[in-house]
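Its first residue numbered 619, the sequence shown is counted upward by one per residue in our numbering. See below for the structure under consideration.
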Amino acid sequence: MAWPTAEVARMSGVTARTLRHYDEIGLLPPAWTGTNGHRYYEERELLRLQQILVLRALGLGLPEIGRVLAAQVDELEALRGHHRRLLAERDRLDALAGIVSRTITELERSRENGGPMTGINRPENLFEGVRPTMYGENLRDFPELAREVESHTATMTETQIESGHRERTAQMIRLAELLTAGTPADAAPAQAEADAQYRKLSELRAVTAEEYRAIGRSCVENEPWRAAYEAITPGLAAYQRDVIEAYATTRLS
Numbered sequence: 619m620a621w622p623t624a625e626v627a628r629m630s631g632v633t634a635r636t637l638r639h640y641d642e643i644g645l646l647p648p649a650w651t652g653t654n655g656h657r658y659y660e661e662r663e664l665l666r667l668q669q670i671l672v673l674r675a676l677g678l679g680l681p682e683i684g685r686v687l688a689a690q691v692d693e694l695e696a697l698r699g700h701h702r703r704l705l706a707e708r709d710r711l712d713a714l715a716g717i718v719s720r721t722i723t724e725l726e727r728s729r730e731n732g733g734p735m736t737g738i739n740r741p742e743n744l745f746e747g748v749r750p751t752m753y754g755e756n757l758r759d760f761p762e763l764a765r766e767v768e769s770h771t772a773t774m775t776e777t778q779i780e781s782g783h784r785e786r787t788a789q790m791i792r793l794a795e796l797l798t799a800g801t802p803a804d805a806a807p808a809q810a811e812a813d814a815q816y817r818k819l820s821e822l823r824a825v826t827a828e829e830y831r832a833i834g835r836s837c838v839e840n841e842p843w844r845a846a847y848e849a850i851t852p853g854l855a856a857y858q859r860d861v862i863e864a865y866a867t868t869r870l871s
């Protein structure tokens with residue numbers, strides 16, 4: 619049995635335009651094309667589309683998805699692998715939901731009592747499970763910057779660390795609002811946020827365009843970082859990366 623583009627779009631929620639794009643880049647060719655130019659998809663293509671959507675939900679970009687699918691030999695084993703990733707993602711989101719739920723409870727209690735959040739004894743407990751690790755593999759080519767950031771962090775007081783966490787969280791929320799409003803990554807409001815980030819980072823020393831780009835990539839490729847951004851709003855990690863890339867290209871290159 620074969621389904622036309624319109625029917626596949628209806629079933630999957632993927633637009634016909636996106637399906638055409640997937641065909642154009644070789645990610646999801648149709649089973650065959652009619653003499654009228656209409657694309658038709660069979661069961662094998664539907665299974666491939668499902669895998670594409672699963673991998674996108676896991677945060678992979680189209681180039682990475684293409685490489686994953688190209689490396690697959692057995693579809694059943696591939697689905698088992700996707701299933702394992704989804705279960706791990708579910709566990710991670712459950713943990714994040716628990717963290718947010720506890721924070722909501724503490725905020726509600728503090729507002730009722732007119733005092734601070736008594737159930738959270740240390741400010742860093744707010745970031746349990748979502749605290750980003752250092753830049754990871756993305757700064758392996760820039761060890762000097764990684765050492766300087768780590769050394770600077772080690773000398774900070776708890777008050778300074780708490781203030782930094784709050785500042786970064788506020789900045790992430792502002793970016794989320796821009797993303798939700800449809801603001802392009804290279805638009806002035808988004809670039810103003812990148813400029814503030816860059817100036818803060820440059821208080822240690824001048825940061826090169828490539829170093830700043832590596833930090834932007836970490837927002838997507840470093841799992842704890844990506845989890846922290848995505849916990850605020852889906853797509854925020856990639857948006858932050860794109861904002862930094864635009865800033866590095868126009869202001870630092």
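Every residue, glycine too, gets a C-beta built ideally from N, C-alpha and C.
Own chain residues within Cβ distance below 8 Å of E766, not counting five before or after: Within the sequence shown, the letter at position 148 stands for residue 766. Only L822, R823 meet the Cβ criterion.
With 16 other Cβ atoms within 10 Å as the buried cut-off, status of I643: As a working mapping, residue 643 is identified with position 25 in the sequence shown. Exposed is the call here.
T826 (DSSP reduced to helix, strand or coil): Indexing the sequence shown from 1 puts residue 826 at position 208. Coil.
Own chain partners of L819 with C-beta closer than 6 Å, once the 5 adjacent residues on each side are dropped: Taking the sequence shown and counting its residues from 1, one reaches residue 819 at position 201. Only V825 meet the Cβ criterion.
Extent of the continuous beta strand (DSSP E) to which R657 belongs: By one-based count along the sequence shown, residue 657 stands at place 39. Here the beta strand (DSSP E) through R657 covers 657-659.
Reduced DSSP secondary structure (H/G/I, E/B, other) of P807: For the purposes of this step, residue 807 is taken as residue 189 along the sequence shown, with counting starting at 1. In the structure shown, P807 sits in a helix (DSSP, three-state: H, G or I).
Coil, strand or helix - P622 by DSSP: Indexing the sequence shown from 1 puts residue 622 at position 4. Here P622 sits in strand by DSSP.
Alpha carbon of M790 to alpha carbon of I850, nearest angstrom: Looking up residue 790 in the sequence shown gives position 172. Looking up residue 850 in the sequence shown gives position 232. Taking the straight line joining both Cα atoms gives about 8 Å.
Opposing strand residues paired with E650 [DSSP bridges]: Here the question's residue 650 lines up with position 32 in the sequence shown. In the sequence under discussion, the amino acid at residue 650 is Trp, which differs from the Glu named in the question. According to DSSP, which records beta bridges pairwise, W650 is partnered with Y658.
Outcome for G834 when other beta-carbon atoms lying within 10 angstroms are tallied against a minimum of 16: Counting from 1 along the sequence shown, the entry for residue 834 is found at position 216. Buried, by the Cβ-count rule.
Inter-residue CB distance, T801 and P807 (contact presumed, cutoff 8 Å): Taking the first residue of the sequence shown as position 1, residue 801 is located at position 183. Taking the first residue of the sequence shown as position 1, residue 807 is located at position 189. Right, their Cβ atoms sit about 6 Å apart.
Assigned exposure category for Q809 - 16 Cβ within 10 Å defines buried: Locating residue 809 in the sequence shown gives position 191, counting from the first residue. Classification for Q809: buried.
Extent of the continuous alpha helix (DSSP H) to which R859 belongs: Position 241 of the sequence shown, counted from the first residue, corresponds to residue 859. First-last of the alpha helix (DSSP H) with R859: 854-865.
Among A805, A814, R817, the one whose alpha carbon lies nearest that of Y857: Taking the sequence shown and counting its residues from 1, the one referred to as residue 857 is at position 239. With distances taken between Cα atoms, Y857 lies closest to A805.
N-terminal and C-terminal residue of the alpha helix (DSSP H) that G684 is part of: Taking the first residue of the sequence shown as position 1, residue 684 is located at position 66. G684 -> alpha helix (DSSP H) spans 680-689.
CA nearest to the CA of G684, picked from L694, G699, E695, L667: Along the sequence shown, one-based indexing puts residue 684 at 66. It is L667.
Assumed close pair A855, A803 - CB separation to whole angstroms, cut-off 8 Å: Here residue 855 corresponds to residue number 237 of the sequence shown, with the count starting at 1. Here residue 803 corresponds to residue number 185 of the sequence shown, with the count starting at 1. Contact flag wrong, Cβ pair sits at about 12 Å.
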